[in-house]
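Novice: Numbering (the numbering used here), first residue to last: -5 to 326.
The beta-carbon is built from N, C-alpha and C at its ideal position, and this holds for glycine as well.
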Amino acid sequence: MPTSYCVFLTGATGFVGGTILSCLSKAHPSVRVKALIRQEVVAKELQSVYPNLTPIIGELSSLSLLTSTAAEADFVIHAGGDNVPAVCAIIDGLASRTTIGSLLPRLISLTGPRSLIDLSKPITGNLGTSSRPWSDITDAHAILAVPKDRMHAGADQAIIAHSAAKGVGTILVSPGQLWGRGKGHLKKESNAAFYYATVKSRGRAFVIGEGTATWSWSSIGDLGDAVVFLMEQALLSESERRGQVGVNQNGYYFVSTGDLSMMDRAKAVSERLGLGEVASVSVEAAKEIHPFGPIMWGCGERTRADKLAELGWRPQETDWRALMEEEGGERA
Ligand SMILES: NC(=O)c1ccc[n+]([C@@H]2O[C@H](COP(=O)([O-])OP(=O)(O)OC[C@H]3O[C@@H](n4cnc5c(N)ncnc54)[C@H](OP(=O)(O)O)[C@@H]3O)[C@@H](O)[C@H]2O)c1
């Protein structure tokens, strides 16, 4: 990667963005990173760890700042959550430097596979009998055509439509559950810590229904590496890489390593805390524990990272139990 290469990153203080910053800085220490950061004090702390980082103090609502910073960047990685106006402003900036005729990947925006959950069907906690894994190759069209009112779906579709209209190549990266300790300097834990803490405080691990609902997962470190890998692939010429780096309508990429049922998660935490048998709770009871309880613990979709595999990427961390317990981690 050229030393003058400049990456604009949002969400650098978060679990995912922090890990991406760490993986990117390790793989390409000379790359210049401009990171959108809200607070000066946090910016100073990150700068002391990453000498290649230039903070851009601002918010995702600072749209003209996003546009002008993206316009000067070679590549942008957005890990600041679903935010259509912000991502569209970034695309506008990237569009100002697009050469006619080429649709090179210039933006990676993080999303998630919760858009695949069909909430018009009742939540049961069980794996649907007709459920099958989603491939980001064979199901590419269906993934970006789910009803817009589903989580992430409206944002995914608006971002892709705006990219296509502006002639910018966008990649949506969609990890499932993330296991392991964040590699970033600041936020090291995410959703996995919440189920563990809930089980600990209740004194019993629990599932909804039979707990066969299953999500695909990957390690947080593998996600960071996959994002860096995709950016590297974007820079290669066609003869140098194994396949096409699809963008926009062909630009939705799962990152997944394996599948894990809710029951296996529950048993693992129960064994670890010595809590005995796993309880089955109703959807209503799960809602009382947390308003999003039924969605967090009662649904699941299995995803296959076929596009990354086609490009030659393989996950490195494949033992979910080790990732849950990594560095004494209270995750499940
Ligand atoms: N964590 C997971 O398990 C998981 C799984 C699948 C997909 N994802 C996706 O990954 C993305 C990042 O998630 P995450 O878990 O890393 O979230 P997170 O830890 O909450 O980090 C969010 C980041 O966005 C920044 N941010 C939020 N609102 C902002 C604003 N208005 N202006 C400037 N910065 C703002 C935060 O900055 P501050 O530090 O200043 O708040 C932080 O750096 C999301 O799109 C999420 O859907 C996450």
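State whether the region 33 to 50 contacts the region 229 to 244, with contact taken as three or more CB pairs (one from each stretch) at a distance under 8 Å.
Specialist: The answer is no - the region 229 to 244 does not touch the region 33 to 50, with fewer than three Cβ pairs under 8 Å.
Novice: Quick check: the Cα distance between C293 and P45, rounded to an integer number of angstroms?
Specialist: Against the sequence shown, residue 293 aligns to sequence position 299. Against the sequence shown, residue 45 aligns to sequence position 51. Cα to Cα, the separation comes out at about 42 Å.
Novice: What three-state label does DSSP hand P288 in the structure shown?
Specialist: As a first step, residue 288 must be located in the sequence shown, where it is residue number 294. If DSSP states are grouped into helix, strand and coil, P288 belongs with the helices.
Novice: With distances taken Cα to Cα, identify the nearest neighbour of L97 among F286, L57, D300 and L88.
Specialist: Mapped onto the sequence shown, residue 97 falls at position 103. For the residues F286, L57, D300 and L88, the minimum Cα distance to L97 belongs to L88.
Novice: Grab me the residues of T105's own chain with a C-beta within less than 6 Å of its C-beta, minus the 5 sequence neighbours each way, in chain order.
Specialist: Within the sequence shown, numbered from 1, the residue matching residue 105 stands at position 111. Correct list, in chain order: H146, D150, L166 and S168.
Novice: Using beta-carbon positions only, say whether L30 and T4 come within less than 8 Å of one another.
Specialist: One-based indexing of the sequence shown puts residue 30 at position 36. One-based indexing of the sequence shown puts residue 4 at position 10. Yes; because the gap between Cβ atoms is below 8 Å, this pair is in contact.
Novice: Answer yes or no: do S157 and G148 have a C-beta to C-beta separation smaller than 8 Å?
Specialist: Mapped onto the sequence shown, residue 157 falls at position 163. Mapped onto the sequence shown, residue 148 falls at position 154. Contact flag unset, no.
Novice: Under DSSP, the alpha helix (DSSP H) around H135 begins and ends at which residues?
Specialist: Residue numbering aside, residue 135 sits at position 141 when the sequence shown is read from its first letter. It spans A134 to I137 - the alpha helix (DSSP H) in which H135 sits, taken as one unbroken run.
Novice: Under the assumption that R26 contacts Y(-1) (Cβ atoms under 8 Å), give the Cβ distance between them as a whole number of angstroms.
Specialist: Here residue 26 refers to the residue found at position 32 when the sequence shown is read from its first residue. Here residue -1 refers to the residue found at position 5 when the sequence shown is read from its first residue. Correct: roughly 7 Å between the Cβ atoms.
Novice: Let me check you understand the geometry: is the CB of V10 closer than 7 Å to at least one non-hydrogen atom of ligand 1?
Specialist: Translated into the one-based positions of the sequence shown, residue 10 becomes position 16. Yes - ligand 1 has a heavy atom lying nearer than 7 Å to the Cβ of V10.
Novice: Using the Cβ count rule (16 or more neighbours within 10 Å means buried), how would you classify G197?
Specialist: The sequence position of residue 197 within the sequence shown is 203, counting from 1. Burial call: exposed.
Novice: Alpha carbon to alpha carbon, what distance is there between G176 and G74?
Specialist: Residue 74 sits at position 80 when you count from the first residue of the sequence shown. Residue 176 sits at position 182 when you count from the first residue of the sequence shown. Distance between the alpha carbons of G74 and G176: 15 Å.
Novice: Going by alpha carbons, who is nearest to A139 out of R126, P107 and S124?
Specialist: As a first step, residue 139 must be located in the sequence shown, where it is residue number 145. Checked all of R126, P107 and S124; the closest Cα to A139 is P107.
Novice: Excluding the five sequence neighbours on either side, which residues of its own chain have a C-beta within less than 6 Å of the C-beta of E204, listed in chain order?
Specialist: Mapped onto the sequence shown, residue 204 falls at position 210. Excluding positions up to five away in sequence, the list reads N120.
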